[in-house]
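Okay, so here's the structure we're looking at.
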Amino acid sequence: MEIPGGILSLREPIIGQRIVGGTETDIRHHPYQVTLQYSGMHNCGGSIISKKWIVTAAHCISISGYTYTVGAGSNHRFNGKLYNVSRLVPHPNYVLFGNDYDIALIKIAEKFKYSPNIKPIKLPKRELKHGETVNVTGWGLITEGGSDTDILMKVTLPIVNRKLCKSAYKHINLITNRMICAGRLGSGGKDSCQGDSGGPLSANDTLYGIVSWGYGCARPNYPGVYTNVAYFRRWIANITGI
Numbered sequence: 722m723e724i725p726g727g728i729l730s731l732r733e734p735i736i737g738q739r740i741v742g743g744t745e746t747d748i749r750h751h752p753y754q755v756t757l758q759y760s761g762m763h764n765c766g767g768s769i770i771s772k773k774w775i776v777t778a779a780h781c782i783s784i785s786g787y788t789y790t791v792g793a794g795s796n797h798r799f800n801g802k803l804y805n806v807s808r809l810v811p812h813p814n815y816v817l818f819g820n821d822y823d824i825a826l827i828k829i830a831e832k833f834k835y836s837p838n839i840k841p842i843k844l845p846k847r848e849l850k851h852g853e854t855v856n857v858t859g860w861g862l863i864t865e866g867g868s869d870t871d872i873l874m875k876v877t878l879p880i881v882n883r884k885l886c887k888s889a890y891k892h893i894n895l896i897t898n899r900m901i902c903a904g905r906l907g908s909g910g911k912d913s914c915q916g917d918s919g920g921p922l923s924a925n926d927t928l929y930g931i932v933s934w935g936y937g938c939a940r941p942n943y944p945g946v947y948t949n950v951a952y953f954r955r956w957i958a959n960i961t962g963i
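Following this note's numbering, the numbering of the sequence shown begins with 722 at its first residue and continues without gaps.
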């Protein structure tokens with residue numbers, strides 16, 4: 722399934738797209754981070770993977786009706802260079818308002834001009850293991866139900882293995898192999914939140930996850946859930962040639 726270029730969507734969270742407990746960061750440390758905007762408003766994050774393509778969450782583009790632009794190269798969500806969108810490719814198995822197969826590719830009309838503030842992120846060759854440390858970045862809410870931020874934020878989290886994550890969410894939602902989890906079990910306090918959706922979960926300049934969903938934001942015993950990019954490596958290559 723493809724959507725005509727330039728038309729994207731805004732999803733109102735049911736379980737909650739998901740930086741809480743983080744700190745301000747510099748775009749030069751995360752030059753792959755982009756903002757997806759419509760009518761001058763930030764909606765979701767995304768990650769540059771080549772001069773023409775970004776990857777984001779499918780739920781960020783799941784309903785037609787909005788013309789989006791991609792902003793890149795700035796700490797401030799509204800100060801980056803804007804790029805028009807020419808093609809949208811949500812995963813064909815994604816179901817509207819669902820959580821599984823939550824990945825999409827966006828092709829821009831012109832090429833990114835690489836600089837210290839605009840660079841691609843590498844794609845993974847493996848999945849991360851329990852306890853490995855990752856960073857999540859975005860311009861989303863800084864407290865659950867609170868205000869968002871104009872300045873790029875970062876939070877550092879440990880990976881939570883799939884067995885523990887399945888146990889945490891057993892009465893809420895199914896955790897599949899197409900998902901990975903990260904967060905502080907027991908203590909909470911650090912997480913992604915609304916407005917961070919589609920943005921990167923990364924380590925060593927490699928994209929391992931895409932902000933997808935979770936139960937609230939930074940709640941104890943409920944890690945954030947992210948799209949498992951390693952699972953979709955072949956699909957990404959088939960569409961983009963990367």
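Glycine included, C-beta positions come from ideal geometry on N, C-alpha and C.
query	result
What does the Cβ neighbour count give for residue 900, buried or exposed, with the cut at 16 atoms within 10 Å?	buried
If you draw a straight line from the C-alpha of residue 895 to the C-alpha of residue 919, how long is it?	20 Å
Please report the distance separating the alpha-carbon of residue 729 from that of residue 830.	Only weak support is given to the placement of residue 729: the predicted model assigns it a pLDDT of 26, under 50, and the question is left unresolved by the model.
Counting only runs that start and end within the stretch 825-902, where is the alpha helix (DSSP H) found for 4 or more residues in a row?	883-889
Thinking C-alpha only, which one of 772, 754, 892 is nearest residue 964?	Any answer about residue 964 is impossible in this case: the structure gives the chain only from 722 up to 963.
Would you call the CB atoms of residue 752 and residue 838 closer than 8 Å?	yes
Give me the DSSP bridge partner(s) of residue 775.	769, 827
Can the beta-carbon of residue 746 be found closer than 8 Å to that of residue 873?	yes
Nearest-angstrom Cα distance between residue 788 and residue 836?	26 Å
DSSP state of residue 959, grouped into three classes?	helix
Is the beta carbon of residue 807 closer than 8 Å to that of residue 828?	yes
Given a threshold of 16 other Cβ atoms within 10 Å of its Cβ, counted over all protein chains shown, does residue 816 qualify as buried or as exposed?	exposed
Rounded to whole angstroms, how far is the Cβ of residue 921 from the Cβ of residue 824, which I believe are closer than 8 Å?	With 8 Å as the limit, residue 921 and residue 824 do not qualify as a contact, their Cβ atoms being about 12 Å apart.
Compare the Cα-Cα distances from residue 759 to each of 948, 792, 934 and report the closest residue.	792
Identify whether residue 808 lies in helix, strand or coil by the three-state DSSP scheme.	strand
Using three-state DSSP, classify residue 929 as helix, strand or coil.	strand
Considering only residues of the same chain and omitting the five flanking positions on each side of residue 773, which have a CB-CB separation below 7 Å?	828, 829, 832
Look at the Cβ atom of residue 950, then the Cβ atom of residue 844, and state whether they are nearer than 8 Å.	yes
Do residue 943 and residue 936 have their beta-carbon atoms positioned less than 8 Å apart in this structure?	yes
Which residue's Cα is closest to the Cα of residue 883: 926, 840, 826, 945?	945
Tell me which same chain residues have a C-beta within less than 8 Å of the C-beta of residue 794, skipping the five on either side of it?	748, 752, 801, 802, 836, 838, 839
How would you call residue 888, buried or exposed, if buried means at least 16 neighbouring beta carbons within 10 angstroms?	exposed
Sorted by chain position, which residues of the same chain lie with C-beta nearer than 7 Å to residue 952's C-beta, five sequence neighbours on each side aside?	898, 899
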